[in-house]
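>
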Amino acid sequence: MKKTVPLILGMVFGAYALAEFYLPHHAVAGLSDELRSWAAILSAAAFILGGLNILQVTWPKIRRREDDWGYKVVLLGGAAVMLAVGLPWHKLGDPPRAPTVARTAGGAGPGATVIVTVPDDVTYTVGTVVGPGTGAPIAIAVEPGPVAIKLSKRLAGYRPLTTTVDVAAGDTVTVGGEPPILWGRDGRVFTWIYDHVFGPANATMFSLLAFFVASAAFRAFRARSIEAALLLTAAIIMLIGRAPFGGAISSVFPDLAQWLLDVPQNGGRRAIMMGAAIGAIATGLRVIVGIERSHLGSE
Amino acid sequence: MTALPWIDVVGYWLGIFLTFSVLSFLYKDNPFYKLVEHLFIGVSVGYLIVLQYGDNIEPKVIDAIFGGDLDGVWLGLRIVALVLVLMMFAKVVSRRWAWLGRYPLAFVVAFYAGLQVNAMAQAELGAQIKFAASSIDAPKVDLNAAPAEALTSLPGSSPAVAAKLVAERARQPFTSVDDAATRPSLTDLERADLAAARGHLIGLDARAAVGPGERDAFGLVSNLLLLLATLASLVYFYFSVAHRGPIGAVSRFGVWILMIGFGAAFGLTVLGRISLAIGRAYDVLGRTVAPEDAARIHAPWASLASIALIAGGLTIWELRQRRVQPVPPPGADGQS
Amino acid sequence: MAAEHWSERLQRFDRRWIFLIMGLAVVVPLFVPLNLPTRPDPMTKAAYNTVEALPEGARVFVSIDLDPSATPELEPFYRAVILHLKRKRARLVFATTWYAAPPLVNRYLRETVDRAIAPPGAEGYDGAPDRAYQRNVDYVYLGFRDGRSAIIQAFGSDLRGAFDGRADDGTPLDRIPMMQGLNKLADFDLVVLVSAGSPGAKEYVQYVGTRNRLPMVAACTAVSTADLAPYVQTGQLLGLVGGMAGAAGYERLVGKPGAGTAGADVLNIGTMVVILAIVFGNVVYFAGRAHRRRGGRS
Chain A
24 MKKTVPLILG MVFGAYALAE FYLPHHAVAG LSDELRSWAA ILSAAAFILG
74 GLNILQVTWP KIRRREDDWG YKVVLLGGAA VMLAVGLPWH KLGDPPRAPT
124 VARTAGGAGP GATVIVTVPD DVTYTVGTVV GPGTGAPIAI AVEPGPVAIK
174 LSKRLAGYRP LTTTVDVAAG DTVTVGGEPP ILWGRDGRVF TWIYDHVFGP
224 ANATMFSLLA FFVASAAFRA FRARSIEAAL LLTAAIIMLI GRAPFGGAIS
274 SVFPDLAQWL LDVPQNGGRR AIMMGAAIGA IATGLRVIVG IERSHLGSE
Chain Y
2 MTALPWIDVV GYWLGIFLTF SVLSFLYKDN PFYKLVEHLF IGVSVGYLIV
52 LQYGDNIEPK VIDAIFGGDL DGVWLGLRIV ALVLVLMMFA KVVSRRWAWL
102 GRYPLAFVVA FYAGLQVNAM AQAELGAQIK FAASSIDAPK VDLNAAPAEA
152 LTSLPGSSPA VAAKLVAERA RQPFTSVDDA ATRPSLTDLE RADLAAARGH
202 LIGLDARAAV GPGERDAFGL VSNLLLLLAT LASLVYFYFS VAHRGPIGAV
252 SRFGVWILMI GFGAAFGLTV LGRISLAIGR AYDVLGRTVA PEDAARIHAP
302 WASLASIALI AGGLTIWELR QRRVQPVPPP GADGQS
Chain D
195 MAAEHWSERL QRFDRRWIFL IMGLAVVVPL FVPLNLPTRP DPMTKAAYNT
245 VEALPEGARV FVSIDLDPSA TPELEPFYRA VILHLKRKRA RLVFATTWYA
295 APPLVNRYLR ETVDRAIAPP GAEGYDGAPD RAYQRNVDYV YLGFRDGRSA
345 IIQAFGSDLR GAFDGRADDG TPLDRIPMMQ GLNKLADFDL VVLVSAGSPG
395 AKEYVQYVGT RNRLPMVAAC TAVSTADLAP YVQTGQLLGL VGGMAGAAGY
445 ERLVGKPGAG TAGADVLNIG TMVVILAIVF GNVVYFAGRA HRRRGGRS
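Residue numbers (our numbering), protein chains in the order written: chain A, 24 to 322; chain Y, 2 to 337; chain D, 195 to 492.
Okay, here's the thing in structure tokens:
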């Protein structure tokens, strides 16, 4: 029962996903889009579940003071900080969305003046004029008419202050303000941690592979058979052909590397793709028909 | 450009320190690496939860159901999705309810399987068989008659060059490939590109002609080899027949083709991995930021300071380790 | 007891020396560049030609599916293709299906779309200049949606529904004039895929490209180039820019060398180190094998 009903549901939805490809009716398209939204929602929920699971598994290790429990504190701390700064705290207050504007009318002359006073970490845009603030008033001459004004900071996590002011000839408009800090996924702190912790750690973890590949090239890649020799020869040709020095030595190398990719590589890869496609179709049909049930676990 | 705030300068220093901490794994697994590894996992978990909620759950569930974005049947269907999400989270509350998670799992696995069947059949099987079964003929492109798209695909050509060739041949038909490649309306750069692409095996001379009916001999051989490579590789993967005699020979050829393909893929993989290391080197030397920012960050000095700090820390750690346990004989630690 | 053969000593070579050599191979060329020219490969040229053939004001969907680890290989292509598209005054719609991408995408949009990449008089650039684009006027950023192949298929049938009718900044898509008539991927003149893995170019080809005969070009990491090359041959992709070397080729075609060109130059020494490691490793292996066959006598 606990397995049969989900199995039948799976068969229904799987059969629908298979059949909708051939049914052009607009109602089918609407339902298909809705089910794809379900898939997106459940994918996102699965990620969240996985994240919570990591935290659930880590906390007992800290409580029991297991090996390396100190590192687990760092793990939980990092997650807690990201969750905290990921909340949209700025929505609690009412941060400004537009700069302060004061107008003095009645001046002489055909044009108008906008005076911007902003700190030196704020960039102003008045019409087409863009520049950094200095803390002191900056006067910009503008033509009468609507003038778009934007005050922003160059880094992520601040909301730009924008407004459009209708200036008449002789007007002097004074503009000031500081873009408020944002929290949440577009926030200052969240982005700072992404840029300076997540990004470097993520990139460097993968870059370790460069060193391991060099080590493996010396210690493990042996031409023990004809097949291995073919593999290594093709690898060397591809390396020489794709790096700039290969083309500098002779145009034969890049041409040979491209031919290697276009003919033997594509030929073999095409066969693998066809075989894998047949396997994927067979597995998909097994799941839809209910023969494959391992994903539902045991009773 | 406004100056980079000090907190961001410190951020770049932190990133450099974390980079070298991870790279210290190349020496051996050590506390610096472990610290960054756990910090990265923790930050990733928090990041993931915030993003998945904000970009997927909030608009598709919270706003859709409680924000009035949907109504009628569609609202009902979206509520079903919410129920499935809650069923997925049931096991977080209690293991006794873990079986509820089978419902959303069954939907996801079966729905994706259904989508996959059609996609594989069309894109991986159908399109590939269609290409493999296409003619192996390799006619040369007739410079005097081919459409612009065909001229664009020639070595050394481009849409601009193709358009000029079309205009030139209308003025005066080409008498040879040399003639086409040196027409006056082409710029010096375009003529140089065409000259660099000349070649009788796979270059411009192999692929282009000034009349109909000519064949690219090497292209023909390549197309035939491509077909044979596909067929031989397919024979290799057919395990219902013993690979002996003629089948065995074809299968062996297929293995060779696959090995060449894997070698090419391995070569590309090596290039990709080295690129990752180059990216890190650029970052720790401050070459990925604007010059004004680089002048504030002093990345090379920060890198040296990080290396010194980590080297000092590792030295202290190693000495402590050796006091606790004696050094193992060479070859036992897997490093040499 | 016979003295240890040199091949046996070298077989036990501490691999940390190889790590150090590799590290130097990556760092030293940054200070002493070889400045060798890059040559665009045919698949990169095909991608460039496809973008070049777009009419002025074409509508282009750009899917940026990467994480920080893929930026050395893909960011140079991204910057070059955005300059190329902005030169053509293309109207751009951005989206991503990778959870690690949104902050990167926001930074890219700030640095390359909200600002001019190559304003008039830009140093080292002779091509047509581009200009700063305005969000929700010249370009739209739809945001991030998860769901892998299902959401990619949803882009192909109902792009607006996939993003719940709003851009990433919350603006209803119905209120953005440039989104008029853009309801699914087939409504675009070109789809540009900046793809670090899965979900990415392969899923776009399998689930939506082939079915709807979409014109698509892709940039991928070098690792994925071999996997995606067959699609270029069949026409399912109109061009493929593979890895840093491919990106360097695209930069050369666009006329603005950048990180790809500089990085490809550094690739030379690292590549030579790996080739020498393979060759030398086999020399050591075969020497040792010959020595053992001779009975261990030198």
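Glycine residues also receive a C-beta, built at the ideal position from the N, C-alpha and C atoms.
Which first and last residues belong to the alpha helix (DSSP H) in which R88(A) is found?
For R88(A), no alpha helix (DSSP H) encloses it, and the DSSP letter there is neither H nor E.
> Note down, in chain order, all residues in the segment 264-297 of chain D with a beta-carbon under 7 Å from any beta-carbon belonging to chain Y.
T265, P266, E267, Y293, P296
> Does any C-beta atom of chain Y lie closer than 8 Å to the C-beta of V254(D)?
For V254(D), the answer is no, since every Cβ of chain Y falls outside 8 Å of its Cβ.
> Just reading off the alpha helix (DSSP H) that M260(Y) is part of, what are its end residues?
246-285
> Given a threshold of 16 other Cβ atoms within 10 Å of its Cβ, counted over all protein chains shown, does W14(Y) qualify as buried or as exposed?
Taking all protein chains shown into account, W14(Y) has 16 or more neighbouring C-beta atoms within 10 Å of its C-beta and is therefore buried.
> With a threshold of 8 Å between beta-carbons, can N356(Y) be considered close to chain A, or not?
With chain Y covering 2 to 337 only, the question about residue 356(Y) has no answer from this structure.
> Taking the straight line between their C-alpha atoms, what separation do you get for R56(A) and A111(Y)?
Position check: residue 56(A) holds Asp in this sequence, whereas Arg was assumed. One C-alpha to the other measures close to 16 Å.
> Against chain A, does F112(Y) count as a neighbour if the rule is that its beta carbon must be under 8 Å from one of theirs?
yes
> Output the boundary residues of the beta strand (DSSP E) element that contains R126(A).
Element bounds for R126(A): 123-127.
> Pick out the complete alpha helix (DSSP H) segments inside the segment 209-270 of chain A, 4 residues or longer, and give them in chain order.
211-216, 222-242, 249-265
> Between N300(D) and chain Y, is any beta-carbon pair separated by less than 8 Å?
Chain Y, which has no Cβ nearer than 8 Å to the Cβ of N300(D), makes this no.
> Taking C-beta to C-beta, are G73(A) and G47(Y) nearer than 8 Å?
Contact: no.
> Would you please state the rounded distance, in angstroms, between the beta carbons of A280(A) and R265(A)? I believe it to be under 8 Å.
6 Å
> By Cβ distance, which residues of its chain are closer than 7 Å to A257(A), with the 5 residues on each side in sequence left out?
L283
> What runs of the beta strand (DSSP E), each 3 residues or longer, lie entirely inside the segment 60-133 of chain Y?
none
> If we require 4 or more residues per run, which alpha helix (DSSP H) segments fall completely within the segment 301-387 of chain D?
The segment 301-387 of chain D contains these whole alpha helix (DSSP H) runs: 342-351, 353-356.
> Going by alpha carbons, who is nearest to V236(Y) out of A294(A), H49(A), G156(A)?
A294(A)
> From what residue to what residue does the alpha helix (DSSP H) around I137(Y) run?
From DSSP, I137(Y) is part of no alpha helix (DSSP H); its letter is neither H nor E.
> Output yes or no for whether 8 Å exceeds the beta carbon distance between G457(D) and R273(D).
Contact check for G457(D) against R273(D) fails: the beta carbons are separated by 8 Å or more.
> Assuming the contact rule is C-beta atoms closer than 8 Å, K61(A) and F67(Y) should be a hit. Round their C-beta distance to whole Å, please.
First, the amino acid is wrong: residue 61(A) is Trp here, not Lys. Between F67(Y) and W61(A) the Cβ distance is about 17 Å, and since that is not below 8 Å, they are no contact.
> Under 8 Å, Cβ to Cβ, is there at least one residue of chain Y near R539(D)?
The question about residue 539(D) has no answer here: the residues shown for chain D are numbered 195 through 492.
> What's the call for E397(D), buried or exposed, on a 16-neighbour Cβ count within 10 Å?
buried
> Taking A289(D) as the reference, which of P249(D), P266(D), Y333(D), I311(D) has the closest Cα?
Restricting attention to P249(D), P266(D), Y333(D), I311(D), the CA atom closest to the CA of A289(D) is found in Y333(D).
> Since N410(D) sits in a beta bridge, which residues does DSSP pair it with?
Per the sequence shown, the amino acid found at residue 410(D) is Met instead of Asn. Answer is V385(D).
> Name, please, each residue of chain D whose Cβ falls closer than 8 Å to the Cβ of S55(A).
Under the 8 Å cutoff, chain D gives S351.
> In angstroms with no decimal places, state the Cα-to-Cα distance between L187(Y) and K165(Y).
7 Å
> Restricting to Cα atoms, I'd like to know which of S45(Y), L24(Y), K61(Y) is closest to L58(A).
Of the candidates S45(Y), L24(Y), K61(Y), the one whose C-alpha sits nearest the C-alpha of L58(A) is K61(Y).
> Quick check on D261(D): does DSSP put it in helix, strand or coil?
coil
> Does the Cβ of M89(Y) have 16 or more other Cβ atoms within 10 Å, making it buried, or fewer, making it exposed?
Burial call: buried.
> Identify every residue that forms a DSSP beta bridge with A210(Y).
DSSP output for A210(Y) lists D143(Y) as bridge partner(s).
> Check the Cβ-Cβ distances between Q430(D) and every residue of chain A, and say whether any is below 8 Å.
no
> Which chain Y residues are close to N243(D), counting only those with a beta carbon under 7 Å from its beta carbon?
By Cβ distance, chain Y contributes T153, S159, P160.
> Between L434(D) and the rest of its own chain, which residues show a CB-CB distance below 6 Å, the 5 nearest in sequence each way excluded?
M237, A412, L422, V426
> How would you call W516(D), buried or exposed, if buried means at least 16 neighbouring beta carbons within 10 angstroms?
For chain D, the structure presents residues 195 to 492; residue 516(D) sits outside this window and is missing.
> Could you tell me if K141(Y) is buried or exposed, where buried requires 16 or more neighbouring beta carbons within 10 angstroms of its beta carbon?
buried
> For I203(Y), which of helix, strand or coil comes out of DSSP?
coil
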